[in-house]
Amino acid sequence: MKTITSFYNSPIGPIEIVCTEDKIQSISLKSKSSKSTENHLTKLVKKNLKAYFNGELRAINSIPIKYFNLNQGTPFQIEVWKQLTKIKTSKTLTYKDISIKVKSPKAMRAVGGAVGKNPFLIFFPCHRVLGQNKKITGFSAGIDNKKFLLDLELISYIS
């Protein structure tokens with residue numbers, strides 16, 4: 001199946017969107033953009049990103065999970081990623097909260113590892129996962145970008 005790569009120039013940097021004809025493979029921050037190609041899924045992702053960064057959407061949730069290729073993760077990672085999609089707009093969870101939800105209450109580090117491997121930036125809102133007491137913790141796209149996304153969504157946190 002042919003892979004299509006497209007870029008969206010966002011306030012946090014170029015976002016690369018990789019899709020096949022029927023699945024979104026990844027949405028990630030890149031250091032630079034290059035030539036883009038389009039299909040119906042890349043256009044849908046870009047439309048949602050534009051609305052999100054323009055403040056028209058507080059959260060991106062209009063693309064059903066069935067359009068995301070979850071098969072690139074382990075069963076544990078997939079469960080964690082699914083939990084990310086359940087974090088409500090303007091809400092946060094801790095790594096401990098997620099470990100409890102995936103029925104592995106002592107696996108906070110493993111949850112952190114799975115969150116860090118989230119292939120669907122913003123759409124699976126890993127930026128809404130905070131440490132204890134709403135403290136900012138790591139983010140694969142950088143702490144400054146995590147703060148930007150939380151501020152955009154009007155979510156309070158502790159630096």
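The C-terminal residue of the sequence shown carries number 159 in our numbering, and the numbering is unbroken.
Positions of the beta carbon are idealized from the N, C-alpha and C atoms, including for glycine.
Predicted, not measured: the structure shown is a model, and the values here were computed from it.
For residue i, which residues from the same chain have a beta carbon less than 7 Å from its beta carbon, with the 5 sequence-adjacent residues on both sides left out?
{"i": "residue 87", "result": "93, 125 and 128"}
{"i": "residue 112", "result": "95"}
{"i": "residue 143", "result": "136"}
{"i": "residue 107", "result": "99"}
{"i": "residue 1", "result": "20 and 21"}
{"i": "residue 90", "result": "58, 153, 154 and 155"}
{"i": "residue 83", "result": "98, 101 and 102"}
{"i": "residue 80", "result": "98, 102, 111, 114 and 115"}
{"i": "residue 159", "result": "136"}
Sorted by chain position, which residues of the same chain lie with C-beta nearer than 6 Å to residue i's C-beta, five sequence neighbours on each side aside?
{"i": "residue 145", "result": "12"}
When the distance is taken between beta carbons, is residue j closer than 8 Å to residue i?
{"i": "residue 140", "j": "residue 116", "result": "yes"}
{"i": "residue 49", "j": "residue 10", "result": "yes"}
{"i": "residue 119", "j": "residue 34", "result": "no"}
{"i": "residue 67", "j": "residue 24", "result": "yes"}
{"i": "residue 46", "j": "residue 8", "result": "yes"}
{"i": "residue 85", "j": "residue 65", "result": "yes"}
{"i": "residue 160", "j": "residue 77", "result": "Since the displayed the chain opens at 1 and closes at 159, residue 160 lies outside it and no answer follows."}
Contact criterion: CB-CB distance below 8 Å. Does residue i meet it with respect to chain B?
{"i": "residue 88", "result": "In summary, chain B is missing from the structure at hand, where a single protein chain is found."}
Looking at the strands, I want to know which residues DSSP matches up with residue i.
{"i": "residue 14", "result": "9"}
{"i": "residue 27", "result": "17 and 120"}
{"i": "residue 93", "result": "129"}
{"i": "residue 68", "result": "24"}
{"i": "residue 98", "result": "Its beta-bridge partners do not exist; DSSP assigns none."}
{"i": "residue 158", "result": "135"}
What does a CB cutoff of less than 8 Å around residue i pick up in its chain, not counting 5 residues either side in sequence?
{"i": "residue 157", "result": "92, 130, 134, 135, 136, 147 and 150"}
{"i": "residue 53", "result": "10, 11 and 152"}
{"i": "residue 132", "result": "94 and 96"}
{"i": "residue 3", "result": "18, 19, 20 and 25"}
{"i": "residue 30", "result": "7, 13, 14, 15 and 16"}
{"i": "residue 36", "result": "5, 6, 7 and 42"}
{"i": "residue 55", "result": "152"}
Whether or not the region 135 to 151 and the region 63 to 79 are in contact is what I'm after, with contact meaning three or more pairs of Cβ atoms, one per stretch, closer than 8 Å; do they touch? No contact exists between the region 63 to 79 and the region 135 to 151.
Would the region 34 to 46 and the region 4 to 19 be scored as touching if the rule is three or more Cβ pairs under 8 Å? With a cut-off of 8 Å, the region 4 to 19 and the region 34 to 46 count as touching, because enough Cβ pairs lie within range.
**Report entry** Those runs of the alpha helix (DSSP H) which lie wholly inside the region 108 to 156 and span at least 4 residues
**Finding:** Runs of the alpha helix (DSSP H) lying entirely within the region 108 to 156 and spanning at least 4 residues, in chain order: 108 to 116 and 143 to 152.
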